[in-house]
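Asks: Chains A and B supply the protein sequences, listed in that same order.
Residue numbering for the first sequence follows the numbering used here, beginning at 8 and increasing consecutively.
Residue numbering for the second sequence follows the numbering used here, beginning at 2 and increasing consecutively.
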Amino acid sequence: MSVPPADRTPPVNVAPAVRTRGLRKTFGALVAVQGLDLDIHRGEVFGLLGPNGSGKTTTIRMICGLVVPTAGSAEVAGFDVVRDTETVRRSIGYMSQRYGLYDELTVAENLRFYASVYGVVGPTRAERLRAHTVALGLEERQGQRAGTLSGGWKQRLALACATAHAPDLVFLDEPTAGVDPAARRVFWDLIYRLAASGTTILVTTHYMDEAERCQRLAFLSRGDLIALGTPGEITTQFGAESVEDVFVMLQERDEAARTSAPVP
Amino acid sequence: MRGIRAWTVWPMLWKEFIQLRRDRLTFAMMTGLPAMQLLLFGYAIQTDVRRLPTVVLDESRTSESRALVSVLEHTDNFRVVAAVADRGAARRWIERGAARVALVIPPDYQRAIRRGETGRAQLLIDAADPQSSGAAISGAQLAAAARGSQLLAARLVSPPVEIRVRPWYNPSQRSATFIVPGIVGILLTITMTLITSTAIVRERERGTLEQLIVTPIGKTSLMLGKLVPFVLVGYVQMTVVLLLGRLFFDIPLAGSLALLYGLSLVFIVASLGIGLLISTVARNQVQAMQLSFFFMLPNILLSGYLFPRSAMPEPAQWAGALLPLTWFLEILRGILLKGVGVRDLWTELGALAAFALALLALSVRRFSKTLD
């Protein structure tokens with residue numbers, strides 16, 4: 008029986024939170040991600056942008072060890088995601104587009120379950136979960152079944168579940184899709200609070216107001232990295248007024264390419 | 002092994018039991034399905050045919066002919082519904098379906114017997130359904146033999162040969178005694194495969210499997226957490242059917258209940274293994290269900306659940322040997338009806354254990370902790 012990893016003190020490590028080199032994924036003839044080089048610094052809120060099918064989700068899934076890269080490498084805090092998958096998994100939190108909540112379980116039970124699979128157990132768990140529940144404003148909903156929550160609350164619970172084991176790095180895959188603006192604002196406050204406590208955050212989004220809130224951005228188009236930098240740097244680079252203009256510009260370019268050379 | 006992180010099995014089990022308790026459909030399947038199956042199969046599938054409607058054309062009209070009719074009626078295979086005047090009338094009764102059998106006793110029936118010759122009567126049977134006509138034919142032959150011995154005895158002559166039949170294990174030859182133990186097996190096969198395959202595919206559909214995969218939970222823990230609660234479901238079902246079977250169909254328990262429950266575990270695990278295997282192939286719950294039902298058909302036809310395997314052509318028998326249910330039925334009938342001990346069930350136990358291990362190993366191998 009191994010020691011629950013969450014109680015272990017992390018080794019002193021100066022490697023970047025995420026480093027990918029030539030990271031590539033193909034599904035048959037389709038190239039989802041073509042040779043991505045990316046460095047994400049510790050403690051930053053990093054945004055991954057791009058139209059649908061640009062390879063955002065596949066990139067996140069490769070870094071989480073959910074999908075095996077076809078070529079290239081990805082490291083999380085210096086650990087290779089293919090060779091040291093399980094070490095990597097202990098230090099990351101992942102919130103998927105579909106939230107991954109159990110509808111039949113209550114808010115408190117979902118939290119307890121996910122904390123336990125990460126080895127947060129025993130008397131420390133109760134205390135930690137209580138603090139976590141309060142921090143995410145979930146204490147009034149504790150006894151409610153997750154299936155009956157509204158979108159905004161589900162999203163908050165999913166974030167709580169993904170961070171119950173206090174991971175160093177959190178992946179949020181389109182966390183605010185289909186959620187009203189008020190809930191989105193609350194959610195971003197939570198993200199900033201997480202970042203302030205030293206957690207690295209990698210988030211994908213469709214909303215440009217959210218993109219502007221990231222410290223650095225990477226634009227993906229058809230599986231390729233086409234821009235990288237702070238929101239200000241990127242708008243200057245493309246001579247645009249806002250990140251949104253850049254996004255629209257890239258998307259139009261994408262569509263033009265798709266009509267001239269249809270993707271199989 | 003790196004894949005086993007034993008402590009992660011407890012949260013899995015805890016979660017599964019909560020889900021099981023709150024999932025009404027599974028609960029209904031656990032209790033409703035056994036009851037329904039038992040009543041449906043126990044009562045509806047009566048392969049023993051009794052009381053076929055019979056018309057009698059008695060041209061002899063003597064005490065001997067009346068004695069023959071009464072002997073036939075006593076077998077309980079025939080129920081005289083009418084006396085008819087001629088062969089045409091008898092034929093019409095059968096054609097209309099109002100009678101299945103016509104007994105024709107010729108005018109010289111009694112005379113022949115009294116002269117010491119053979120009294121001949123004729124039984125016309127609607128044999129379109131071989132199962133019911135088979136029962137009627139053998140019933141009639143038995144009745145004739147019985148009547149023959151009686152007559153010989155009256156002449157102080159003993160019959161030259163006599164075979165006395167003693168039907169062991171099911172002396173009253175009721176089909177329920179044969180079918181109900183089989184229901185335990187078929188039911189466990191259906192629900193165990195179905196519950197397991199849909200439960201895992203459901204996690205995949207809802208996106209919780211993806212979530213579980215990124216956690217440090219071990220592959221084996223994940224599967225064990227899924228399987229153990231269902232073993233319990235299997236035992237509940239088995240108990241329900243056995244209790245109802247005893248109550249409604251007087252199913253005997255000749256052997257050891259503890260042995261039966263012990264050996265059943267191996268079969269339950271094998272069935273869960275099939276469910277697991279299906280879940281690694283099926284992409285959604287509908288597919289999982291279709292595959293599970295597809296697997297049911299050979300089980301019903303080839304395992305010996307309804308049709309005796311000894312009557313099947315050899316390839317069908319070999320195919321049947323590849324189904325865990327075939328072996329489990331031997332165990333069920335052996336323990337319930339014959340009261341055999343573990344000494345006579347090693348082959349069956351060995352086969353089931355081999356299935357269980359192979360299926361589990363295969364599905365754990367196939368179940369990868371990645372999405373592609």
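Just so it is clear, CB atoms sit at the ideal spot from N, CA and C, and this is done for glycine as well.
Would you please verify whether the beta carbon of Lys-16 of chain B is less than 7 angstroms from any beta carbon of chain A?
Replies: yes
Asks: Find out if the Cβ-Cβ distance for the pair Ser-198 of chain B, Ser-304 of chain B is shorter than 7 angstroms.
Replies: Taking a C-beta distance under 7 angstroms as the contact criterion, Ser-198 of chain B and Ser-304 of chain B do not qualify as a contact pair.
Asks: Would you say Phe-249 of chain B touches the ligand PLP, meaning its beta carbon is less than 6 angstroms from a heavy atom?
Replies: No copy of the ligand PLP appears in this structure; indeed no ligand is present at all.
Asks: So for Thr-206 of chain A, helix, strand or coil by DSSP?
Replies: coil
Asks: Three-state secondary structure (DSSP) at Leu-124 of chain B?
Replies: Strand at Leu-124 of chain B.
Asks: Per DSSP, what are the beta-bridge partners of Lys-227 of chain B in this structure?
Replies: BP columns for Lys-227 of chain B are empty, so no partner.
Asks: Quick one, which residues of the segment 213-232 of chain B are near chain A if we go by CB-CB under 7 angstroms, in chain order?
Replies: Ile-214, Val-215, Thr-216, Pro-217 and Ile-218
Asks: Beta-carbon of Glu-111 of chain A versus every beta-carbon of chain B: anything under 7 angstroms?
Replies: yes
Asks: How would you list, in chain order, the residues of chain A whose beta-carbon sits under 9 angstroms from the beta-carbon of Glu-211 of chain B?
Replies: Going along chain A in sequence order, the residues near Glu-211 of chain B (Cβ under 9 angstroms) are Arg-68, Leu-73, Tyr-101, Ser-103, Arg-105 and Gly-107.
Asks: Check each residue of the segment 226-255 of chain A: if its Cβ is closer than 8 angstroms to any Cβ of chain B, include it; give the result in chain order.
Replies: none
Asks: Pick from A:Asp-110, A:Arg-229, A:Met-69 and A:Gly-35: whose alpha carbon is nearest that of Arg-90 of chain A?
Replies: A:Met-69
Asks: Taking 7 angstroms as the CB-CB limit, is Arg-23 of chain B close to chain A?
Replies: yes
Asks: When you compare only the Cα positions, how much space is there between Leu-104 of chain B and Val-57 of chain B?
Replies: For Leu-104 of chain B and Val-57 of chain B, the gap between their C-alpha atoms comes out near 5 angstroms.
Asks: Please state if the CB of Thr-33 of chain A and the CB of Thr-66 of chain A are separated by a distance shorter than 7 angstroms.
Replies: no
Asks: On the criterion of 16 or more Cβ atoms from any shown chain inside 10 Å, does Ala-39 of chain A qualify as buried, or is it exposed?
Replies: buried
Asks: Would you kindly check if the distance between the Cβ of Leu-353 of chain B and the Cβ of Phe-249 of chain B is under 7 angstroms?
Replies: By the CB criterion at 7 angstroms, Phe-249 of chain B and Leu-353 of chain B fall outside the cutoff.
Asks: Judging by CA-CA distance, which residue of A:Thr-243, A:Ala-225, A:Thr-242 and A:Glu-240 is the nearest neighbour of Gly-57 of chain A?
Replies: Nearest C-alpha to Gly-57 of chain A: A:Ala-225.
Asks: Are the beta-carbon atoms belonging to Val-215 of chain B and Arg-163 of chain A less than 7 angstroms from one another?
Replies: With respect to Arg-163 of chain A, Val-215 of chain B sits apart: the two C-beta atoms are not nearer than 7 angstroms.
Asks: Gln-38 of chain B touches chain A at which residues, Cβ-Cβ below 9 angstroms?
Replies: Residues of chain A passing the Cβ test: none, with the nearest at roughly 26 angstroms.
Asks: Which value, in whole angstroms, describes the spacing of the CA atoms of Leu-69 of chain B and Pro-182 of chain B?
Replies: One alpha carbon belongs to Leu-69 of chain B, the other to Pro-182 of chain B, and they sit about 38 angstroms apart.
Asks: Going by Cα to Cα distance, which pick from B:Leu-153, B:Ala-136 and B:Gly-98 is closest to Arg-115 of chain B?
Replies: For the residues B:Leu-153, B:Ala-136 and B:Gly-98, the minimum Cα distance to Arg-115 of chain B belongs to B:Leu-153.
Asks: Please report whether the beta-carbon of Thr-197 of chain B lies at a distance below 7 angstroms from any beta-carbon of chain A.
Replies: no
Asks: Counting pairs of Cβ atoms below 8 angstroms between the segment 304-322 of chain B and the segment 148-163 of chain B, do you hit three or more?
Replies: no
Asks: Against chain A, with Cβ distances strictly below 7 angstroms, would Ile-332 of chain B count as a contact?
Replies: Not closer than 7 angstroms to any Cβ of chain A, the Cβ of Ile-332 of chain B fails to qualify, so no.
Asks: Counting only beta-carbon atoms, is Glu-93 of chain A nearer than 7 angstroms to chain B?
Replies: yes
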